Amino acid sequence: MQAGRLEAEGGVNTAEAEVDPAALAAAHIKYAEERDASIPADHTGPRPSGGVGGTRIGVKCLHAHLGWWLAGGEDPVGDWVAAKLGTSRSDYIVNKPRKVVTSPLAAIDIGTNSTNLLITNTDGTELVREVHVTGLGRGVVHSNELQPDAIERTVNRLQQYKALITQHGCVFVRVTATEACRRATNSAEFLDAAQQVLGTRPEIIAGETEARLAFAGAISHFPAHDGTTLVIDIGGGSTEVMIGDTQFRHAMSFPVGTVVLTESELHHDPPKPEELTNAIGLVTDFMDDLLREHPDVAHATRVIGVAGSIVTIAAVEIGLQQFDATKLHGHSMSRSDVEEVFRTLATEKLADRKHNPGLPADRADVIVGGCCVLVGIMRRLHLAEITVSVNNLLDGVIAQELSAP
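Okay, so the sequence shown: first residue is 1 according to the UniProt record's numbering, each after it adds one.
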């Protein structure tokens, strides 16, 4: 299916309805800024004012969005079109000289539950990796707003990350924000505060973009695989399920993660059996939708799990006294292993749950929600096992920058 046919079938309206409005608005602004920067200073002729496709509002032309996305622009509509067409950036050559990276790179991901930093050398070698629970999205499921204390915690952590970025002399810094900022009505307040601290405004990325970056990061430190790979990324506010081979093929992002499921469904300590059943049922419903649209998800030959919940479940399953990425990366868990961790954690009171080796105290209150998501996915897809990756969206951001023209 080509972009023109997609437009003829109502793709313009569908894309506008499905992508994040804030991310689309940001894409129009960024496109206009890049275009304006390319106009010579002595130019006296007409100056277009529109964004992608000549407009600053909504979607006008799928071809324009796809073209800018292929050229490296962060465009949620271009991303959406590419996913529909099965198009990959790597299939196209952009006529620009490849950039020479001469200083370390930094990426920050601001999630619903944690705020994470990755600094790498110019060849992608990891220099610093920081993972800290800041709980930016705590309470958003009920209020639709980021809470003042959560904003303060997250901005304070960003201030510490800024010091590390400065210390390492990073020139490239990309900051992404995900489901909590997509959902909250007062995200701009947080983005303003974060920009003051970082000097870079966090970019609210669409679920599709989040999935692509997470997929790239997840497979970046695994051997090549002949078959298809399913990647499961359980965040605090959303879960991304992705499939591809050496390249991302398609994904589904649904607004259920560890924090959201805990706050919306698990109201007792420990959770009641019916609460756990409802939570897993909610995940199953989303998986039913995914399977109707992408039945190939059930036939992947390799399954990789990323992000805090899955890494934590693996740490508990192993019984790690101290976090050790070398023991977790590549570790495989059977479905019965995951179910056993779930039964243990879900039947304990929070005060007792905190004493499990491998479970950080600041994740103990939401880990059962994460277990519900993973159990629901593994049951519905009949997955025999899942392999843990300690690499994630941040690694995808760095890999994308290093491969960009």
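Glycine included, each C-beta is placed from N, C-alpha and C at the ideal position.
Here the structure is a predicted model, which is why all the values come from computation and not from measurement.
Cβ separation of residue i and residue j, assumed to be a contact under 8 Å, to the nearest whole Å
i: C170; j: L117; result: Contact flag wrong, Cβ pair sits at about 10 Å.
i: T115; j: R157; result: 5 Å
i: residue 478; j: A193; result: It is not possible to answer for residue 478, since the shown part of the chain is limited to 1 through 405.
i: T246; j: S309; result: With a Cβ gap of about 26 Å, T246 and S309 do not count as contacting.
i: Q400; j: L213; result: 7 Å
i: G51; j: Y31; result: 5 Å
i: N392; j: V338; result: About 19 Å separates the two Cβ atoms, so there is no contact after all.
i: L6; j: P76; result: 15 Å between Cβ atoms; not a contact.
i: T262; j: G244; result: About 30 Å; that fails the 8 Å criterion.
i: I367; j: T312; result: 6 Å
Residue i (DSSP reduced to helix, strand or coil)
i: L230; result: strand
i: S253; result: strand
i: N278; result: helix
i: L393; result: helix
i: F222; result: coil
i: T239; result: strand
i: E203; result: strand
i: F286; result: helix
i: L127; result: strand
i: residue 413; result: As shown, the chain starts at 1 and ends at 405. That puts residue 413 outside it, with no answer to give.
i: G244; result: strand
i: L266; result: coil
i: H299; result: helix
i: I151; result: helix
i: residue 416; result: The question about residue 416 has no answer here: the residues shown for the chain are numbered 1 through 405.
i: R363; result: helix
i: residue 427; result: This structure gives no information on residue 427, because the portion of the chain shown stretches from 1 to 405.
i: G139; result: coil
i: H294; result: coil
i: T258; result: helix
i: V338; result: helix
i: T344; result: helix
i: N156; result: helix
i: P357; result: coil
i: C61; result: coil
i: I39; result: coil
i: L381; result: helix
i: G51; result: coil
i: E16; result: helix
i: L191; result: helix
i: residue 447; result: Here the chain comprises residues numbered 1 to 405, so residue 447 is not present and cannot be evaluated.
i: T185; result: coil
i: T87; result: coil
i: L6; result: helix
i: E208; result: helix
i: E145; result: coil
i: K327; result: helix
i: K349; result: coil
i: A404; result: coil
Status (buried if at least 16 other CB within 10 Å, exposed otherwise) for residue i
i: N95; result: Confidence in N95 is poor, its pLDDT being 44 and thus under 50, which makes the residue's placement unreliable; the coordinate value appears in the next sentence. Exposed is the call here.
i: A351; result: exposed
i: H28; result: buried
i: S187; result: buried
i: D79; result: buried
i: A64; result: buried
i: A177; result: buried
i: P202; result: buried
i: S389; result: buried
i: D269; result: exposed
i: H142; result: exposed
i: K162; result: buried
i: A17; result: exposed
i: T125; result: exposed
i: H331; result: buried
i: I110; result: buried
i: G4; result: exposed
i: T185; result: exposed
Which residues DSSP lists as bridging residue i, in chain order
i: I110; result: T115 and A177
i: G305; result: I232 and V388
i: M333; result: I386
i: H132; result: T115
i: T120; result: L105 and E126
i: F172; result: L105
CB contact check: residue i to chain D, cutoff 9 Å
i: T301; result: Chain labels in this structure do not include chain D; a single protein chain is all it has.
Task: Three or more C-beta pairs below 8 Å linking the stretch 352-363 and the stretch 76-86 - done: Cβ pair count under 8 Å is below three, so no.
Open item on the list: Within 8 Å, do at least three Cβ pairs link the stretch 132-143 to the stretch 271-282?
Closed with: Taking a cut-off of 8 Å on C-beta distances, the stretch 271-282 does not touch the stretch 132-143, as fewer than three cross pairs fall below it.
TODO: Inspect the CB distances between the stretch 366-386 and the stretch 338-352 and report whether three or more fall short of 8 Å.
DONE: Touching, yes, given that three or more Cβ pairs across the two stretches are closer than 8 Å.
Open item on the list: I want to know whether the stretch 294-305 touches the stretch 316-326 - three or more CB-CB distances under 8 Å.
Closed with: Contact between the stretch 294-305 and the stretch 316-326 is absent, because fewer than three Cβ pairs lie under 8 Å.
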